[in-house]
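Numbering follows the numbering used here, with no gaps: position 122 of the sequence shown is 119.
This report concerns only the one structure given below.
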Amino acid sequence: MAEDTRMEDLEGIRRARIAYTHFWDASDVEGTASVFTDDAVIETRYGDKPFAAGGAVGKAAIREFYAGHAKGKGPSLHIVTNPLIDITGPDTATGVWMLTDIAIGQAGPGKPPQILYGMYKDQYRKVDGTWKIQRMDLDVLWVTDQWFDDHELVQS
């Protein structure tokens, strides 16, 4: 693989993950869904249990998943760092990203924002020249105690 092509691919993959954070933080459900392939899979876990309804399969279900979570979400800041990206083929790649999610929508006087730490484990596929997320596994590593009440999330 030529170095120019490799660098373009790496930047396209970074852009897909970062676009996801910008769209989701803005509660832009259509934008969020746009970074996924049509057959994408999302799985979310906290330890050995599903987190935030567990996930979705296919772009329509992913759109519905995010639309449900966007209601009353309020502002948040997803900070993704330390990408470890491997290009596995001409149109495929994997990536691992560390996540800090600061939910500021529930903060107020005397009530700090809630924080979630996690790790994204992604699979990417290039579709019509654009890198998209084909599979997103979110492993939640730690979350503040009040997260579940304030976000109306059920930990199964």
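All C-beta atoms, glycine included, are put in the ideal place defined by N, C-alpha and C.
Please read all numbers here as calculations on a predicted model, not as lab measurements.
Start and end residues, alpha helix (DSSP H) containing residue i
i, result
"Gly44", "Neither: Gly44 is in no alpha helix (DSSP H) and is coded neither H nor E."
"Val26", "Val26 to Ser31"
Own chain partners of residue i with C-beta closer than 8 Å, once the 5 adjacent residues on each side are dropped
i, result
"Ala67", "Ser24 and Val26"
"Asp22", "Pro72, Ser73, Leu74 and His75"
"Tyr154", "Lying outside -2 to 153, the shown extent of the chain, residue 154 is not represented and no answer is given."
Exposure label - residue i; buried when at least 16 CB within 10 Å
i, result
"Thr18", "buried"
"Leu96", "buried"
"Gly44", "exposed"
"Val151", "In this predicted model, Val151 has a pLDDT of only 46, less than 50, meaning its place in the structure is not dependable enough to derive any value."
"Gly115", "buried"
"Arg12", "exposed"
"Asp36", "exposed"
"Ser153", "For Ser153, the predicted structure reports a pLDDT of 43, less than 50, and the residue's modelled location is therefore unreliable. A value from the coordinates is still provided. Counting Cβ neighbours within 10 Å, Ser153 comes out exposed, since fewer than 16 surround it."
"Thr34", "buried"
"Ala49", "buried"
"Asp125", "exposed"
"Asp6", "buried"
"Glu8", "exposed"
Close beta carbons around residue i, own chain, < 6 Å, minus the five adjacent residues each side
i, result
"Asp134", "Glu40 and Lys118"
"Val140", "Leu113"
"Gly52", "Ile39, Glu40 and Thr41"
"Ile101", "Pro72 and Pro110"
"Thr29", "Phe20, Trp21 and Tyr63"
"Thr78", "Met95"
Extent of the continuous beta strand (DSSP E) run through residue i
i, result
"Asp1", "First-last for Asp1: Glu0 to Asp22, but that is the alpha helix (DSSP H), not the beta strand (DSSP E)."
"Asp136", "Thr127 to Val140"
> Which runs of the alpha helix (DSSP H), 4 residues or longer, sit entirely within the segment 56 to 118?
Replying inline: 56 to 67
> Quick check: the segment 37 to 57 against the segment 83 to 101, are there 3 or more CB pairs under 8 Å?
Replying inline: no
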